[in-house]
Every structure is written in C-alpha cells, then in structure tokens.
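**Student:**
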Amino acid sequence: MYPLIRNRRLRASESIRRLVRETTLTSDDFLVPLFITEGKGIKEEIPSMPNYFRLSLDNLEKEAKELWNMGLCSMLLFVKVDDKLKDNKGTEALNPDGLMQRAIKTVKNACPQMLVMTDVALDPFSSYGHDGIVAEGQILNDETAELLAEMSVSHANAGADFVAPSDMMDGRILTIREALEDEGFLNTGIMAYSAKYASAFYGPFRDALDSAPVDIANVPKDKKTYQMDYANRYEAIKETQMDIDEGADIVMVKPGLCYLDIVREIKNEVEVPVAVYQVSGEYAMLKAAAEKGWLDHDAVMLEQLTAIKRAGANIIASYFAKDFIRIFR
Ligand code: PBG
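With this note's numbering applied, the sequence shown corresponds to residues 15 to 343, in that order.
Written out as structure tokens, the structure reads:
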C-alpha cells in the first residue's frame with residue numbers, strides 16, 4: 015500500500031514550491047552596514063571583505079541614494095577614525111562635528127526617509143581598540159555606560175533614528191534610554207546588541223575600521239570580559255530580557271549562522287523584533303570560497319540568508335544586502 019501522504023507532491027515543480035514556501039526574503043528584511051572614512055572621492059575596498067568598501071561622505075551620499083532606489087531603506091553606520099584622534103575615553107566620539115555626526119547628516123540630507131542607525135561603542139575611537147575605557151587591565155563598566163549615553167545623545171542630536179549599542183556593558187541600555195529621554199529624544203530608538211558573543215568572526219570588520227584590541231601590557235587582548243562566551247545559551251536569554259526591561263526596542267543576536275539556535279530561542283521568548291547580524295567573517299568566508307570556485311556564491315548566499323530568517327530574524331544586518339537585491343529581486 016502506498017502512503018496516502020506523499021510529501022514530494024509539494025516539491026514537484028518550482029511553482030508549487032513557491033506556493034508553499036514558508037520563508038521568503040525582501041528588501042524590507044535588510045539593514046545595510048556601511049563603513050565611513052574621512053576624505054573625498056574615497057571608495058576603498060576592504061582587503062578581507064571583497065567588494066565591500068570604506069566610503070567618504072560624498073560617496074556615502076551616492077550610496078544612500080542607490081540603496082534607497084533598490085528598496086533598501088535602513089542602514090547601520092560605522093566610522094573609521096584617524097589614529098591621531100583616538101584615546102582611551104574615545105573623546106572624539108562626542109565631537110558634534112565628528113565623522114559619525116557628519117555621516118548621519120549627510121544621509122539625512124540626501125535621503126530624508128532613510129532609517130539611520132548608528133553603532134554606539136568606543137572601539138573605533140579607542141586607542142586600545144576596546145569597547146570601553148581601560149583601567150588597570152580592566153574594562154570599566156559604569157564609566158563606559160555614561161560615555162555611551164553621551165554618544166547616543168550626540169548621534170540623536172545629529173539626526174540618528176536609532177542608536178545601536180554594540181559594547182555589551184551591563185546596564186547601558188537603561189543609562190542610554192534615560193539620557194535620551196532627559197534630552198527630549200523620546201522617539202530615538204535603541205537596537206541593543208543583546209546576545210553578542212566573543213567571536214573570531216569579527217576579524218575582517220576590525221580590519222575595516224582598524225579597531226582590533228592592541229597588543230600592549232596591561233590591556234586585555236580580547237573582549238571576553240564583556241562579550242559573551244559562545245558556549246552559553248541561557249545567558250543569551252537573560253541578556254536579552256534585561257535589555258528589553260531596560261528599554262530596548264529591538265534586540266540582536268550576533269554573529270548569525272553559528273548562532274541560529276540562539277536566534278530561535280530568543281524569538282520564542284520575546285515580543286520585540288529580533289535582529290541578526292551576519293558578520294564580516296561570515297561574508298569573507300563565502301566570498302573566499304566563491305573566489306576559489308569551491309562554492310556557488312549566489313546559491314549559498316540565498317541559503318544562508320533564508321536560514322537566518324527561518325530561524326526567527328525579523329531584521330538581518332548583512333553585507334550581502336545589495337548582492338541579494340541585485341541577484342534575486
Ligand atoms: C564593535 C563592533 C564589532 C562589530 C560590530 N560592532 C566588532 C567587535 O565587537 O569587535 C562586528 C561586525 C562584523 O564583524 O561584521 N563594537
């Protein structure tokens with residue numbers, strides 16, 4: 015006797031597969047990370063991130079318009095800061111005329127409706143390459159949270175729609191939320207990097223911003239005292255729940271692919287939108303394998319992005335956003 019149910023009926027043609035497909039991607043799913051640098055006419059490729067660039071403000075303006083025309087309406091900004099401007103407290107981060115503040119204004123002038131999110135952490139501004147202030151071999155928590163709150167207010171003042179603290183200090187979401195409210199930025203949102211793991215997949219990003227922790231005495235060589243241990247699951251839920259209680263509008267899991275179990279658990283647990291950051295190392299791996307002809311770039315990209323959404327991502331921060339739209343939409 016043949017089975018009454020033959021699952022292959024629902025796979026028999028591309029049309030039926032399309033009809034029953036549970037997960038599809040659109041331009042609305044993406045948040046586009048962008049790297050900004052000083053200068054004019056600059057579009058420099060990041061060696062460990064093929065076909066991804068650092069842009070000067072004039073090119074950022076062009077990029078914003080291009081993204082908007084492709085239906086990509088949200089971006090996440092990062093700045094590469096001149097070494098001369100770096101110090102332990104990331105003082106330059108608060109400069110009202112700093113690169114980030116000018117980048118926000120550039121995008122908002124060119125493309126007023128573009129949603130602008132900004133990275134909030136000290137590392138691109140820190141002479142030690144840490145997300146917080148370093149003192150006696152430690153990363154100071156509360157002093158750093160205060161600085162991040164000032165930085166957030168400065169970004170909101172320049173026109174940012176959302177600030178995205180990526181530092182993993184304890185209590186920083188509440189400190190930031192209170193500072194924004196005190197300054198009248200009631201509608202500035204917070205996307206919290208809630209479950210951010212101490213991952214080796216951030217390597218190419220640190221090349222892009224020249225932001226890796228420095229190798230000098232009495233400075234921690236990694237970020238393991240603040241970013242999470244990748245062996246841990248329950249802790250991710252605790253971190254995320256705390257961020258929501260402190261006022262996060264959107265929570266994030268980072269990196270993506272190796273952490274999709276965490277994404278699903280958090281998605282099942284919380285009511286706020288869940289973002290996933292498919293990070294630089296994930297991008298670099300596929301680009302490298304594709305360059306060698308070992309993987310089919312477009313097919314693997316689609317499979318990976320679909321898996322991230324299937325796991326529960328409402329928002330995907332990805333360096334593949336433009337590639338995806340060009341190839342599949
Ligand atoms: C910095 C920050 C990092 C990333 C986003 N914000 C690097 C780090 O924590 O060292 C990584 C993004 C990527 O690898 O694509 N706070």
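Quick reminder that beta carbons are idealized off the backbone N, C-alpha and C, glycines included.
Which residues in the same chain have their Cβ closer than 7 Å to the Cβ of TYR216, if we skip the five residues on either side of it in sequence?
**Tutor:** As a first step, residue 216 is located in the sequence shown; it is residue number 202 there, counting from the start. Closer than 7 Å at Cβ, skipping near neighbours: VAL293, SER294, GLY295.
**Student:** Go ahead and pull the three-state DSSP assignment for PHE199.
**Tutor:** Working through the sequence shown from its first residue, we reach residue 199 at position 185. Coil at PHE199, not helix or strand.
**Student:** If contact is defined by three or more beta carbon pairs under 8 Å, each pair taking one atom from either stretch, is the segment 248–259 in contact with the segment 279–292?
**Tutor:** With a cut-off of 8 Å, the segment 248–259 and the segment 279–292 count as touching, because enough Cβ pairs lie within range.
**Student:** Please determine if the segment 122–141 and the segment 100–112 are in contact, where contact requires at least 3 C-beta pairs separated by less than 8 Å.
**Tutor:** Verdict: yes, contact present.
**Student:** On the DSSP bridge list, what partners appear for MET266?
**Tutor:** Here residue 266 corresponds to residue number 252 of the sequence shown, with the count starting at 1. MET266 pairs with TYR207, ALA289.
**Student:** Hey, quick one: how far does the beta strand (DSSP E) through ILE230 stretch, first residue to last?
**Tutor:** Start at 1 with the first residue of the sequence shown, and residue 230 comes out as number 216. No beta strand (DSSP E) contains ILE230, which DSSP labels as neither H nor E.
**Student:** May I ask you to verify whether the segment 320–329 touches the segment 33–47, counting CB pairs closer than 8 Å and requiring at least 3?
**Tutor:** Yes, the segment 320–329 is in contact with the segment 33–47.
**Student:** Going along the chain, which residues of its own chain have a beta-carbon closer than 6 Å to the beta-carbon of LYS210, five neighbours each way excluded?
**Tutor:** If you number the sequence shown from 1, residue 210 lands on position 196. The answer, listed in chain order, is MET182, GLN241, LYS268.
**Student:** Is the separation between the beta-carbon of GLY85 and that of ASP42 shorter than 9 Å?
**Tutor:** Indexing the sequence shown from 1 puts residue 85 at position 71. Indexing the sequence shown from 1 puts residue 42 at position 28. In this structure, ASP42 lies closer than 9 Å to GLY85 by Cβ.
**Student:** Can you tell which of ASN73, ASP175, TYR297 has its C-alpha closest to the C-alpha of ASP312?
**Tutor:** Reading the sequence shown from its first residue, position 298 is the one you call residue 312. Comparing Cα-Cα distances from ASP312 to each of ASN73, ASP175, TYR297, the minimum goes to TYR297.
**Student:** Taking only the alpha-carbon atoms, compute the straight-line gap between SER62 and LYS235 and give it to the nearest angstrom.
**Tutor:** Counted from its first residue, the sequence shown places residue 62 at position 48. Counted from its first residue, the sequence shown places residue 235 at position 221. The straight-line gap from Cα to Cα measures roughly 21 Å.
**Student:** Taking contact to mean at least 3 C-beta pairs separated by less than 8 Å, is the segment 108–124 in contact with the segment 69–80?
**Tutor:** Flag = yes, the segment 108–124 and the segment 69–80 touch.
**Student:** Can the beta-carbon of LEU161 be found less than 9 Å from the beta-carbon of ALA107?
**Tutor:** Taking the sequence shown and counting its residues from 1, one reaches residue 161 at position 147. Taking the sequence shown and counting its residues from 1, one reaches residue 107 at position 93. Contact: yes.
**Student:** In terms of DSSP beta bridges, what is GLN152 paired with?
**Tutor:** For the purposes of this step, residue 152 is taken as residue 138 along the sequence shown, with counting starting at 1. DSSP lists ALA149 as partners of GLN152.
**Student:** Leaving out five residues before and five after LEU223 in sequence, what residues of the same chain have Cβ atoms less than 7 Å from its Cβ?
**Tutor:** Position 209 of the sequence shown, counted from the first residue, corresponds to residue 223. Closer than 7 Å at Cβ, skipping near neighbours: PHE49, PHE92, LYS94, PRO138.
**Student:** Mind reading off the beta-carbon distance from LEU71 to ALA117? Whole number of angstroms is fine, and I expect it under 8 Å.
**Tutor:** Numbered from its first residue, the sequence shown carries residue 71 at position 57. Numbered from its first residue, the sequence shown carries residue 117 at position 103. With a Cβ gap of about 6 Å, LEU71 and ALA117 count as contacting.
**Student:** Check whether the Cβ atoms of ALA159 and ILE190 sit closer than 9 Å, and answer yes or no.
**Tutor:** The residue labelled residue 159 in the question sits at position 145 within the sequence shown. The residue labelled residue 190 in the question sits at position 176 within the sequence shown. For ALA159 and ILE190, yes; Cβs fall inside 9 Å.
**Student:** Is the CB of CYS272 under 9 Å away from at least one CB in chain D?
**Tutor:** The chain labelled as chain D is not found in the depicted structure, where only one protein chain is given.
**Student:** Return yes when the Cβ of ALA172 is within less than 9 Å of the Cβ of LEU90, no when it is not.
**Tutor:** Taking the sequence shown and counting its residues from 1, one reaches residue 90 at position 76. Taking the sequence shown and counting its residues from 1, one reaches residue 172 at position 158. It is not a contact, given that the beta carbons lie outside the stated cut-off.
**Student:** In the DSSP assignment, the alpha helix (DSSP H) including ILE339 goes from what residue to what residue?
**Tutor:** The residue you call residue 339 lines up with position 325 of the sequence shown. Start and end: 335–342.
**Student:** Straight-line CA distance for ALA327 to ASN109?
**Tutor:** Along the sequence shown, read from residue 1 onward, the residue named residue 327 stands at position 313. Along the sequence shown, read from residue 1 onward, the residue named residue 109 stands at position 95. Whole-angstrom Cα-Cα distance: 34 Å.
**Student:** Tell me whether VAL293, by its Cβ, gets closer than 8 Å to a heavy atom of the ligand PBG.
**Tutor:** To locate residue 293, count along the sequence shown from 1; it is residue 279. Yes, the beta carbon of VAL293 sits closer than 8 Å to at least one heavy atom of the ligand PBG.
**Student:** For the candidate residues PHE176, GLY55, GLU283, whose alpha-carbon lies nearest to that of LEU69?
**Tutor:** Position 55 of the sequence shown, counted from the first residue, corresponds to residue 69. Selected option, being the one with the closest Cα: GLY55.
**Student:** Label GLY53 either buried or exposed according to how many other C-beta atoms from any shown protein chain fall within 10 Å of its C-beta, with 16 as the threshold for buried.
**Tutor:** As a first step, residue 53 must be located in the sequence shown, where it is residue number 39. It counts as exposed.
**Student:** Can you tell me which residues form a DSSP beta bridge with THR132?
**Tutor:** The residue you call residue 132 lines up with position 118 of the sequence shown. LEU91, VAL177.
**Student:** Ordered along the chain, which non-local residues of its own chain (more than five positions away) have a Cβ less than 8 Å from that of ILE347?
**Tutor:** Nothing can be reported for residue 347, as the shown portion of the chain is limited to 15 through 343.
**Student:** Assign GLY307 to buried or exposed, taking buried as 16 or more other Cβ atoms, counted over all protein chains shown, within 10 Å of its Cβ.
**Tutor:** The residue labelled residue 307 in the question sits at position 293 within the sequence shown. It is exposed - the Cβ of GLY307 has fewer than 16 other Cβ atoms within 10 Å.
**Student:** So TRP82 and MET128 are in contact, right, with Cβ under 8 Å, and what is the actual spacing, rounded?
**Tutor:** As a position in the sequence shown, residue 82 is number 68, starting the count at 1. As a position in the sequence shown, residue 128 is number 114, starting the count at 1. So it is a contact: roughly 6 Å between Cβ atoms.
**Student:** Buried or exposed: where does LYS336 fall if 16 or more other Cβ atoms within 10 Å of its Cβ makes it buried?
**Tutor:** As a position in the sequence shown, residue 336 is number 322, starting the count at 1. Buried, by the Cβ-count rule.
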